[in-house]
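Colleague: Chains as they are written, first to last, in our numbering: chain W, 1 to 250; chain Y, 251 to 416. Here you go, one structure.
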């Protein structure tokens with residue numbers, strides 16, 4: 001079994017699961033019907049992508065592993081998502097800022113993953129990128145609407161961007177498993193995406209009349225399984241049914 | 251592209267045509283273009299389907315419906331989900347596009363026009379109710395993953411637009 005490959009897939013797929021779960025919390029709670037539907041649609045896309053990755057992981061792991069055991073029965077430290085995606089839905093501005101900061105990265109990652117030497121990852125990237133280009137459009141549009149909107153919306157989205165900015169650098173960190181997969185031509189070298197990422201983000205922030213945060217210290221840890229205080233609560237929600245009624249099925 | 255060619259045995263085609271998309275009942279899965287191959291091998295029908303969107307909950311139902319349709323004809327079917335090549339709205343047949351319009355869903359435009367429509371830049375989506383182009387985007391996301399929400403400024407009816415996926 002290729003442990004490095006599995007760990008690499010977790011690094012990609014867990015972002016989709018955890019962000020999908022976060023967005024799912026907004027189901028029925030969005031600020032308007034349209035945004036509610038949009039964010040749950042994005043959630044559904046991300047959870048669908050997660051399923052494809054996890055079905056692949058389950059196949060690689062063999063034994064009794066299924067997409068559900070992979071999704072629901074890991075411990076907190078075994079989830080390899082970045083800290084950004086587990087941050088809470090503090091308000092609409094935070095949800096949009098988090099989405100925007102992730103979407104721009106996600107699109108760049110999938111663009112490169114389409115060249116992976118692993119056929120399955122290549123196919124998933126090829127499929128997902130179509131959906132993610134809609135996500136980028138949605139979140140970029142809302143960044144501009146909030147930034148260039150009212151005084152209050154401007155101030156709220158600026159605060160959200162300032163607070164979430166410290167989680168952006170981690171997107172470009174590599175674990176040992178990542179490095180190994182890059183060497184084999186399976187994984188994407190995220191360090192090469194960094195410059196272009198900030199260029200794109202900054203240009204949209206400027207268009208949204210927002211200031212680019214100046215930060216010297218960045219947070220990290222999620223990729224190594226060391227999560228923020230929010231992760232435990234999220235997982236207790238996510239895993240509740242399987243932990244309470246082990247092996248339950250629909 | 252050769253990989254876009256479907257391999258479907260003729261005698262299976264008619265059975266597959268009776269299976270419809272659970273979210274859009276006027277559209278058969280054949281018109282939708284989600285069936286990539288169907289072959290009868292050693293008494294078992296092997297069907298490959300591809301999802302429209304990754305998280306589309308209709309895929310599980312479609313899989314079950316395919317099995318049921320073959321069962322009624324005394325055939326056992328196995329359904330496999332394939333991701334590559336990824337589904338595109340180009341695979342919806344002309345008949346399927348017509349069925350969509352009749353059902354009240356505007357069918358997907360080409361990539362460029364779709365972008366203009368979803369950014370709200372140009373009035374290019376035709377209202378399936380009254381035929382007017384005086385329509386506006388309400389939300390880039392609609393009632394299902396594959397649709398966006400529009401409204402007609404002439405007849406005032408809200409309607410779904412099937413997003414272009416390339």
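We put the CB at the ideal spot given by N, CA and C, even for glycine. Note that the structure is predicted; figures quoted are calculated from it, not measured.
For the alpha helix (DSSP H) containing residue 85 (chain W), name the first residue and the last one.
Modeller: Position 85 of the first chain holds residue 85 (chain W). Residue 85 (chain W) -> alpha helix (DSSP H) spans 83–86.
Colleague: Is the Cβ of residue 388 (chain Y) closer than 8 angstroms to any Cβ of chain W?
Modeller: Walking along the second chain from the start, residue 388 (chain Y) turns up at place 138. Cβ-Cβ to chain W under 8 angstroms: yes for residue 388 (chain Y).
Colleague: Could you tell me whether the Cβ of residue 45 (chain W) comes closer than 8 angstroms to any Cβ of chain Y?
Modeller: For this step, residue 45 (chain W) is matched to residue 45 along the first chain. Chain Y, which has a Cβ nearer than 8 angstroms to the Cβ of residue 45 (chain W), makes this yes.
Colleague: Counting only C-beta atoms, is residue 54 (chain W) closer than 8 angstroms to chain Y at any point?
Modeller: Counted from its first residue, the first chain places residue 54 (chain W) at position 54. No, because no Cβ of chain Y sits closer than 8 angstroms to the Cβ of residue 54 (chain W).
Colleague: State the Cα-Cα distance for the pair residue 284 (chain Y) and residue 91 (chain W), rounded to the nearest angstrom.
Modeller: As a first step, residue 284 (chain Y) is located in the second chain; it is residue number 34 there, counting from the start. As a first step, residue 91 (chain W) is located in the first chain; it is residue number 91 there, counting from the start. About 39 angstroms.
Colleague: In terms of residues, what are the limits of the alpha helix (DSSP H) holding residue 108 (chain W)?
Modeller: Position 108 of the first chain, counting from 1, holds the residue named residue 108 (chain W). Element bounds for residue 108 (chain W): 92–113.
Colleague: So for residue 132 (chain W), helix, strand or coil by DSSP?
Modeller: Sequence index remark: in the first chain, residue 132 (chain W) carries index 132 (1-based). Looking at residue 132 (chain W) - three-state DSSP - the assignment turns out to be helix.
Colleague: Taking the alpha-carbon positions, what's the residue 79 (chain W) to residue 85 (chain W) distance?
Modeller: Mapped onto the first chain, residue 79 (chain W) falls at position 79. Mapped onto the first chain, residue 85 (chain W) falls at position 85. If I take the Cα positions, the gap works out to 12 angstroms.
Colleague: Check whether chain Y comes within 8 angstroms of residue 105 (chain W), counting only Cβ atoms and requiring the distance to be less than that.
Modeller: Counting from one through the first chain, the residue named residue 105 (chain W) turns up at place 105. No, residue 105 (chain W) lies away from the interface with chain Y (no Cβ there is under 8 angstroms from its Cβ).
Colleague: Give me the residue from W:110, W:181, W:205 with the minimum Cα distance to residue 157 (chain W).
Modeller: Stepping through the first chain from its first residue, residue 157 (chain W) is reached at position 157. Of the candidates W:110, W:181, W:205, the one whose C-alpha sits nearest the C-alpha of residue 157 (chain W) is W:205.
Colleague: Please decide whether residue 108 (chain W) counts as near chain Y, where near means a Cβ-Cβ distance under 8 angstroms.
Modeller: Residue mapping note: residue 108 (chain W) aligns to position 108 of the first chain, counting from 1. By this cut-off, residue 108 (chain W) is not an interface position.
Colleague: Using a Cβ-Cβ cutoff of 7 angstroms, what residues of the region 124–148 of chain W are near chain Y? List them in chain order.
Modeller: The residues in question are 124, 126, 127, 128, 130, 131, 134, 137, 138.
Colleague: Would DSSP call residue 197 (chain W) helix, strand or coil?
Modeller: Sequence index remark: in the first chain, residue 197 (chain W) carries index 197 (1-based). Three-state DSSP puts residue 197 (chain W) in a helix.
Colleague: From the DSSP output, which residues share a beta bridge with residue 343 (chain Y)?
Modeller: What you label residue 343 (chain Y) is simply residue 93 of the second chain in a count that begins at 1. Paired residue(s): none; residue 343 (chain Y) is not in a bridge.
Colleague: Between which two residues does the alpha helix (DSSP H) holding residue 289 (chain Y) run?
Modeller: In the second chain, residue 289 (chain Y) corresponds to position 39, counting from 1. No alpha helix (DSSP H) contains residue 289 (chain Y), which is instead part of the beta strand (DSSP E) from 285–291.
Colleague: Short check: CB of residue 50 (chain W) to CB of residue 13 (chain W), under 8 angstroms?
Modeller: Locating residue 50 (chain W) in the first chain gives position 50, where the first residue counts as 1. Locating residue 13 (chain W) in the first chain gives position 13, where the first residue counts as 1. Contact flag set, yes.
Colleague: Here's the rule I'm using: 16 or more other beta-carbon atoms within 10 Å means buried, otherwise exposed. How should residue 43 (chain W) be labelled?
Modeller: Numbered from its first residue, the first chain carries residue 43 (chain W) at position 43. By the neighbour-count rule (16 or more Cβ atoms within 10 Å), residue 43 (chain W) is buried.
Colleague: In three-state DSSP terms, what is residue 411 (chain Y)?
Modeller: Numbered from its first residue, the second chain carries residue 411 (chain Y) at position 161. In the structure shown, residue 411 (chain Y) sits in a strand (DSSP, three-state: E or B).
Colleague: Can you list the residues of chain W that residue 368 (chain Y) reaches, using a CB-CB cut of under 9 angstroms?
Modeller: As a position in the second chain, residue 368 (chain Y) is number 118, starting the count at 1. In chain order: 134, 137.
Colleague: Does DSSP put residue 29 (chain W) in a helix, in a strand, or in coil?
Modeller: Here residue 29 (chain W) refers to the residue found at position 29 of the first chain. Of the three classes helix, strand and coil, the one that applies to residue 29 (chain W) here is coil, per DSSP.
Colleague: Look at the alpha carbon of residue 269 (chain Y) and the alpha carbon of residue 118 (chain W), and state the distance between them as a whole number of angstroms.
Modeller: Translated into positions along the second chain, residue 269 (chain Y) becomes position 19. Translated into positions along the first chain, residue 118 (chain W) becomes position 118. Cα to Cα, the separation comes out at about 34 angstroms.
Colleague: Whole angstroms are fine: how far does the CA of residue 103 (chain W) sit from the CA of residue 280 (chain Y)?
Modeller: Here residue 280 (chain Y) refers to the residue found at position 30 of the second chain. Here residue 103 (chain W) refers to the residue found at position 103 of the first chain. In a straight line, the C-alpha of residue 280 (chain Y) is about 33 angstroms away from that of residue 103 (chain W).
Colleague: Are the C-beta atoms of residue 253 (chain Y) and some chain W residue less than 8 angstroms apart?
Modeller: Taking the second chain and counting its residues from 1, the one referred to as residue 253 (chain Y) is at position 3. Because residue 253 (chain Y) carries a pLDDT of 45, less than 50, the predicted location of this residue cannot be relied on, and the following value inherits that uncertainty. Residue 253 (chain Y) does not count as touching chain W.
Colleague: For the 8 angstroms Cβ check, are there 3 or more pairs between the region 306–324 of chain Y and the region 350–358 of chain Y?
Modeller: Counting Cβ pairs under 8 angstroms, fewer than three are found: no touch.
Colleague: Got a sec: is the Cβ-Cβ distance from residue 18 (chain W) to anything in chain Y below 8 angstroms?
Modeller: Taking the first chain and counting its residues from 1, the one referred to as residue 18 (chain W) is at position 18. No, because no Cβ of chain Y sits closer than 8 angstroms to the Cβ of residue 18 (chain W).
Colleague: Closer than 8 angstroms, CB to CB, is residue 345 (chain Y) near chain W or not?
Modeller: As a position in the second chain, residue 345 (chain Y) is number 95, starting the count at 1. It does not; no Cβ of chain W falls within 8 angstroms.
Colleague: Have a look at the DSSP bridge pairing and note the partners of residue 385 (chain Y).
Modeller: As a first step, residue 385 (chain Y) is located in the second chain; it is residue number 135 there, counting from the start. Paired residues: Y:402.
Colleague: Could you tell me how far apart the beta carbons of residue 47 (chain W) and residue 20 (chain W) are, in whole angstroms, since I believe they sit closer than 8 angstroms?
Modeller: What you label residue 47 (chain W) is simply residue 47 of the first chain in a count that begins at 1. What you label residue 20 (chain W) is simply residue 20 of the first chain in a count that begins at 1. 4 angstroms between Cβ atoms; contact.
Colleague: Would you mind working out which of W:130, W:200, W:222 sits nearest residue 199 (chain Y), comparing C-alpha positions?
Modeller: Lying outside 251 to 416, the shown extent of chain Y, residue 199 (chain Y) is not represented and no answer is given.
Colleague: Applying a beta-carbon distance threshold of less than 7 angstroms, which residues of chain Y neighbour residue 38 (chain W)?
Modeller: To locate residue 38 (chain W), count along the first chain from 1; it is residue 38. The answer, in chain order, is 389, 390, 391.
Colleague: I'd like to know whether the C-beta atoms of residue 259 (chain Y) and residue 289 (chain Y) end up nearer to each other than 8 angstroms.
Modeller: In the second chain, counting from the first residue as 1, residue 259 (chain Y) sits at position 9. In the second chain, counting from the first residue as 1, residue 289 (chain Y) sits at position 39. Contact: yes.
Colleague: With H, G and I counted as helix, E and B as strand and the rest as coil, what does DSSP make of residue 397 (chain Y)?
Modeller: In the second chain, the residue the question calls residue 397 (chain Y) occupies position 147. Strand.
Colleague: Contact criterion: CB-CB distance below 8 angstroms. Does residue 409 (chain Y) meet it with respect to chain W?
Modeller: For the purposes of this step, residue 409 (chain Y) is taken as residue 159 along the second chain, with counting starting at 1. Answer no: the Cβ-Cβ gap between residue 409 (chain Y) and chain W never drops below 8 angstroms.
Colleague: For residue 402 (chain Y), return the contacting residues in chain W, with the cut-off set at a CB-CB distance below 8 angstroms.
Modeller: Taking the first residue of the second chain as 1, we reach residue 402 (chain Y) at position 152. Those do not exist, as residue 402 (chain Y) stays about 17 angstroms from chain W at its closest Cβ, beyond 8 angstroms.
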